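Here the structure comes first, spelled out in structure tokens, and everything after it is commentary.
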Amino acid sequence: MGEAMTKLEMEKKELKEKIEFCSLLIRYGHLVNATSEQNVRAFKLKESLEEELRVLKLKMEN
């Protein structure tokens with residue numbers, strides 16, 4: 001049980017890092033010359049990752 005929880009915690013941390021990266025790209029993309037298409041993709045990916053994180057949190061509660 002402990003090993004499974006550790007794996008879920010690691011997955012949760014990775015998802016949060018990816019969400020943060022997408023947020024930074026959306027906010028500061030102009031500084032790295034990101035195209036509007038890249039910003040849209042980052043936004044959609046962020047939404048998808050946030051949904052995965054919600055599901056993961058539900059798994060962790062059970």
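Numbered by my numbering, the letters in the sequence shown go through residues 1 to 62 in order. We put the CB at the ideal spot given by N, CA and C, even for glycine. No experiment lies behind these values; they were computed from the predicted model shown.
How should alanine 4 be labelled, buried or exposed, when 16 other C-beta atoms within 10 angstroms of its C-beta is the threshold for buried? exposed
On a CA-only basis, which of Gly29, Glu47 and Asn33 is nearest lysine 18? Give me that one, please. Glu47
Determine the DSSP secondary structure at threonine 6, reduced to helix, strand or coil. helix
Is it true that the CB of alanine 42 sits closer than 8 Å to the CB of leucine 25? yes
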